[in-house]
Structures are given as C-alpha cells and as structure tokens.
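As structure tokens, the structure follows; a few thoughts come after it.
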Amino acid sequence: MKQADSISSSELGTLWLTYQQKTLILRVLDYFIAKTEDHEARNIMGGLWQDLDHYVNKITKLFENQGIVVPVGFTKGDVNLEAPKLYDNGFDIMFLRILKEISMGMYTLNLNMSYQGEVMDIYEGLTVITQNIYKRSTEYLLKKGILTTPPKVTMPIANEFIESKDYLSGFNLFGDKRALNTIEVGILHHGIETNNVGLQLISGFAQCANTPEVKEYFVKGMELAKKQITIFEDILLQSNIQFSATSGSTVTTSTMAPFSEKLMMFCIHLLNTFGMVSSSFGTIFTLRNDLNLKAGLIAKDIYVYTHDGIKLMIKHGWLEEPPQMEDRKQLIRQ
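In structure tokens form, the structure reads like this:
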C-alpha cells in the first residue's frame, strides 16, 4: 500500500478507540434488546445495533486492508443473555441516551483528527446515526414521563449587560449570592441527570460483581455519584430551584451479572472520562467563581477514581493497550 493511502497515527488511535466503544455498546444492546418488553424501545435499540454493527465491520475491513491487527474489543463472551433483567422502567433508553451524548462529543474530536476521506466518512455517518438516536431516545423518554426537563424561567423582554465584577463572585460572606443564570442552571441540571443514570448503572454493577475489589470499586463510585448529585442539588436549592427527579429507571434484585467485569469496568471508565470533560466544559461557561471551584474539586475526585479503576483493570488484564508509536530510544539501544 502506498504511504499516501495509509492512515495517520491520530486516525489509528481514534479508530481503535471507536472500535472499543462501539463493540461495548453492541454487547450492552445485545442484553437490553433481549430483556426489553417495550416494542418501541426494541425498535430504537435494534436499529442502532444494525447501524453500529455495520460501522464496526467497516473499521475492521479498513484495519485488515492496511495490515493492522484488529482490536479485541468486546465480544459475545462479555455478555450473558441468560442473566435476568438487572434494570427496569426505561433505564435501557436512559443509558443509551447518555452513551449518545458521549458519542456526539467523541465524533467531533475524532473528525478534527482525521485526514483520509474514508475515515472522515465513518465519523460523519456515525454522527448522523447518533443525532437521530439521541433525538428518538429523548422523545421516547419524555413521552413515557421518565425524563424531566430543566425548570422553566420567565422569558426576558430586554437586553442587559453585566455592570459589576460582583457578578463573578460566589463567595459573598455578608449577603446573598447572585441568582444562577440559565446557562449555569442547565449545566447543573445536566450534571444531576447524568449522575442519576450513572448511579443506577453502577448500583446494578455493584450488586452483581463477583470480584471483591471490583465490587468495592463500584460501591465507591456510587458514593461519588451521590456526592455530586447532592452538591448540584444544594446549589440549585440556594437559588430556590427544585430539581424534579425522574420517575423511572430502577435496579432489580438480580445478582447475576449480565456483563463481564472487564466490560463493566471499561464502561465506568468511559463514563468517568466523560464526567471529567463535562466538569471542565462547565467551568468555561460558568461565571460564578464558587461554582468553578466546586467543579474543579469534582473533576479532581473523578480523576482519582478513574485512575484507581485503570490500575484495577491493568491488574486483572482487562485493559487493552492502544497502538504505540515506535520507541526510538529502545531501538537505538538494541
């Protein structure tokens, strides 16, 4: 193959990671499709399964054509379709919606690091699929009364400009903090929403994990999610804003694992990474400095928890190594 036709290192890295993520989602869908009793939910997930399987095959073919070893990713051996239902009341589509949030951000980043037309076509196609599924999932959850929207606000009738640096201050010892703006409310609402889904997910994982240290890791994750939810809710309450919890998404009493511990650990790793990015992203648009401080502390907690998870995956041989650049120093020493 001509050098001009070879994919770049960044394209290899993003395609490798995309393969990991998509094979994980396929295995999750295998289980959720088998357990759902809702026809519309099955149609949403079944259509996505077919689309993702098509693109996994495209990535596999691209790797094979370029003489690149195909990653292991996640296989049928990582899912147990005989396990009873672990989640109920629309959790499957709630979780799917979060996965599509992650995918939308990843595809934008991956497209920015792509140079070959074939690679760009993959991310463009996956983006269209993701946006469609995200919209369908949101409409489904709203119709079922499972998903709640952010609070309403009185619509502005005039334009205003910030007149004082006090607008930035959240550390007012002698008076009230300024009310949250709508951007900040949106970020806080999103943080509560995603952590609620994460709490349900990891509660189920903790319930059915067999390895003691993995179970302990998931329990720590539950406490971290609860801590973040409490922080976000308290900030809203200080501005007399009440968050409306969802009415669905429950964990059953099953203790039989539907997924391998390798898959469950990587799934939490994926959500942790998304959580760190979301915390950093939120500080860009938050203008109250106390909120930025709290977001920074949350990001630190997530980082430490994520790092512990990585060490645990390495210990058990569950973390597949990404493609490496040539080690020139090692080659010279040889």
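All residue numbers for the sequence shown refer to the UniProt record's numbering, where the first residue is 1 and numbers rise by one. Note that CB positions come from ideal geometry on N, CA and C, so glycine has one too.
*Taking only runs that begin and end inside the stretch 87-121, name each unbroken alpha helix (DSSP H) of 4 or more residues, in chain order.*
91-112
*Specify, as a first and last residue, the run of the alpha helix (DSSP H) that Ser280 falls within.*
To locate residue 280, count along the sequence shown from 1; it is residue 280. From DSSP, the alpha helix (DSSP H) with Ser280 extends over Glu261 to Phe285.
*Bridge-paired residues (DSSP) for Val79*: The residue you call residue 79 lines up with position 79 of the sequence shown. DSSP output for Val79 lists Phe259 as bridge partner(s).
*Just how far apart, CA to CA, sit Thr230 and Gly309?*
Residue numbering aside, residue 230 sits at position 230 when the sequence shown is read from its first letter. Residue numbering aside, residue 309 sits at position 309 when the sequence shown is read from its first letter. If I take the Cα positions, the gap works out to 23 Å.
*asked:* With H, G and I counted as helix, E and B as strand and the rest as coil, what does DSSP make of Thr149?
replied: Numbered from its first residue, the sequence shown carries residue 149 at position 149. Three-state result, Thr149: coil.
*Go ahead and pull the three-state DSSP assignment for Val251.*
In the sequence shown, the residue the question calls residue 251 occupies position 251. Looking at Val251 - three-state DSSP - the assignment turns out to be strand.
_Among the candidates Leu141, Gly117 and Asp166, whose CA atom is the shortest distance from the CA of Ile7?_
Counting from one through the sequence shown, the residue named residue 7 turns up at place 7. Of the candidates Leu141, Gly117 and Asp166, the one whose C-alpha sits nearest the C-alpha of Ile7 is Gly117.
*DSSP on residue 341, reduced to helix/strand/coil?*
Since the first residue shown for the chain is 1 and the last is 334, residue 341 is missing from the structure and cannot be characterised.
*Leaving out five residues on either side along the sequence, give the residues of the same chain with a beta carbon under 6 Å from the beta carbon of Ser244.*
Here residue 244 corresponds to residue number 244 of the sequence shown, with the count starting at 1. Cβ within range, chain order: Thr148.
*Figure out for me which residue from Asn65, Ser260, Leu81 and Lys76 has the closest Cα to the Cα of Lys35.*
Translated into positions along the sequence shown, residue 35 becomes position 35. The shortest Cα separation from Lys35 among Asn65, Ser260, Leu81 and Lys76 belongs to Leu81.
*Under the criterion of a Cβ to heavy atom distance below 6 Å, does Asn181 qualify as lining the ligand GTP?*
What this structure holds is no ligand at all, so the ligand GTP is not there to describe.
*Compare the beta carbon distance of Thr286 and Glu184 with 7 Å and say whether it is the shorter of the two.*
Counted from its first residue, the sequence shown places residue 286 at position 286. Counted from its first residue, the sequence shown places residue 184 at position 184. Contact flag set, yes.
*Run through DSSP, which three-state label would His307 get?*
Against the sequence shown, residue 307 aligns to sequence position 307. His307: helix per DSSP, three-state reduction.
*Helix, strand or coil at Ile7 according to DSSP, with G and I counted as helix*: To locate residue 7, count along the sequence shown from 1; it is residue 7. Three-state DSSP puts Ile7 in coil, outside helix and strand.
*Kindly indicate which residue of Asn159, Ile157, Glu160 and Arg178 has the alpha-carbon position closest to the one of Tyr167.*
In the sequence shown, residue 167 corresponds to position 167, counting from 1. Out of Asn159, Ile157, Glu160 and Arg178, Arg178 has the C-alpha closest to the C-alpha of Tyr167.
*Go to Tyr55, then tell me how far its alpha helix (DSSP H) extends in each direction, as first and last residue.*
Within the sequence shown, the letter at position 55 stands for residue 55. His39 to Asn65 is the extent of the alpha helix (DSSP H) around Tyr55.
_C-alpha gap between Thr14 and Ile102, whole angstroms_ = Taking the sequence shown and counting its residues from 1, one reaches residue 14 at position 14. Taking the sequence shown and counting its residues from 1, one reaches residue 102 at position 102. Near 14 Å, if we compare the C-alpha coordinates of Ile102 and Thr14.
*Report buried or exposed for Arg328, applying the criterion of at least 16 other Cβ atoms within 10 angstroms of its Cβ.*
Locating residue 328 in the sequence shown gives position 328, where the first residue counts as 1. Exposed, by the Cβ-count rule.
*Taking only the alpha-carbon atoms, compute the straight-line gap between Asp30 and Pro323 and give it to the nearest angstrom.*
Numbered from its first residue, the sequence shown carries residue 30 at position 30. Numbered from its first residue, the sequence shown carries residue 323 at position 323. When rounded, the distance between both Cα atoms is 28 Å.
*Separation of Ala299 from Phe281, as counted between CA atoms*: Along the sequence shown, one-based indexing puts residue 281 at 281. Along the sequence shown, one-based indexing puts residue 299 at 299. Ala299 has its alpha-carbon roughly 11 Å from the corresponding atom of Phe281.
*asked:* Between the alpha carbons of Val28 and Asn195, how many angstroms are there, rounded?
replied: Taking the sequence shown and counting its residues from 1, one reaches residue 28 at position 28. Taking the sequence shown and counting its residues from 1, one reaches residue 195 at position 195. Looking at the two C-alpha atoms, the distance is approximately 19 Å.
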